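Protein chains in written order, with the working numbering: chain A, 2 to 157; chain B, 2 to 157.
Yeah, the Cβ is synthetic: ideal placement off N, Cα and C, and Gly gets one too.
Since we're looking at a predicted model, the values are computed, not measured.
Next up, the structure:
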């Protein structure tokens, strides 16, 4: 996939108002079944539950690394949707705190682009699930830096 | 899977000297195709390459979150193999620095249990790939804390 393919895909998704189309730009996110919609202007990401997503069958609990991968994908997709440069961001670092075990059910995430510079973006990501009463409970929080802009598109 | 199932599986793997058997205790690691062998006494983990592991098709590069999930799985498996308590460790946090793009090929990892207390273990993880000349090059480094021991087995 060339840089101009990415530009075309992002432009088309934005014009159609369909962020979910961007998932096709990140094969691993598509493979996980991630979906991306807007809710009152905010990005809302969903990771559908699968048995293969279990990390600890004793609890059982979602695999922590999988949750991290989902949240990192969410940040990439959020930047693709909102950033000025039409290039796939390159991750620099990622740090996650696990607050509760992930239950064997769908996981949701939202993103907060805390700073978007010309070269680096700082993104906070929160993941949650509904408890038995349907109340959202935070499962994990993370923050990540990404290289963005044209330098990222050329691999530098 | 009960706590005694985990104890039996870990005991059997250790007695047989076959660490790869432990991968069955972590469904998501098995799903990724992770393998676990010993090399001169050190743990050696491998993530086989698949097209669905691509995060950035423009480079192309392995998905960063997938690399993190693999490295977190490696730490869990290394603790299962080496720690005193026969329980699946529970991850507390995980921080990764991405040093080079992951090439579309197998990724390897090794672990260093830096501190193992009664309740918490600190593990460093390094991931690498061979370059064109076959020389190993570090792709990412990470560190993670885990709850270990009996408290972890009872979900606390």
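Any heavy atom of the ligand MN closer than 8 Å to the CB of residue 6/B? Looking at this structure, you won't find the ligand MN or any other ligand, since it has none at all.
Got a sec? Which residues, its chain only, sit under 6 Å from residue 97/A by beta carbon, not counting five neighbours each side? 69, 141 and 143
Just checking my contact of residue 86/B with residue 150/B at CB under 8 Å: how many whole Å lie between their CB atoms? 4 Å
Closer than 9 Å to chain B by CB, residue 21/A: Judged by the 9 Å Cβ criterion, residue 21/A is not in contact with chain B.
Excluding five sequence neighbours on each side, which residues of the same chain lie with their C-beta closer than 6 Å to the C-beta of residue 104/A? For residue 104/A, where only same-chain residues beyond five positions count, the Cβ hits under 6 Å are 130.
Local conformation of residue 155/B per DSSP, three classes: Confidence is the limiting factor: at residue 155/B the pLDDT is only 44, short of 50, which leaves the residue's position unreliable and the question unanswerable from this model.
For residue 155/A, I'd like the list of residues in its chain whose CB is within less than 6 Å of its CB, leaving aside the five on either flank, ordered along the chain. Summary for residue 155/A: the model assigns pLDDT 44, below 50, so the residue's position carries little reliability; its value from the coordinates is reported in the next sentence. Contacts found: none.
Closest Cβ-Cβ distance between residue 24/B and chain D: below 9 Å? Although the question refers to chain D, the structure presented lacks it and instead comprises the protein chains A and B.
Keeping to the same chain, check which residues put their C-beta closer than 6 Å to that of residue 8/A; ignore five residues upstream and five downstream. 87
Helix, strand or coil for residue 43/A? Go by DSSP, reduced to three states. strand
Can you tell me whether residue 153/B is buried or exposed, with buried defined as 16 or more other CB within 10 angstroms of its CB? In this predicted model, residue 153/B has a pLDDT of only 48, less than 50, meaning its place in the structure is not dependable; the value taken from the coordinates is given anyway. Counting Cβ neighbours within 10 Å, residue 153/B comes out buried, since at least 16 surround it.
As a quick exercise: from 5/B, 54/B, 115/B and 139/B, pick the residue whose alpha carbon is nearest that of residue 58/A. 5/B
So, is the C-beta of residue 69/B closer than 9 Å to a C-beta in chain A? yes
Would a check of beta-carbon distances place residue 85/B closer than 9 Å to chain A? no
How do the stretch 34–47 of chain B and the stretch 12–26 of chain A stand: do at least 3 beta-carbon pairs fall below 8 Å, yes or no? no
Provide the residue span of the alpha helix (DSSP H) that contains residue 128/A, from first to last. Here residue 128/A belongs to no alpha helix (DSSP H); instead the beta strand (DSSP E) covers 121–131.
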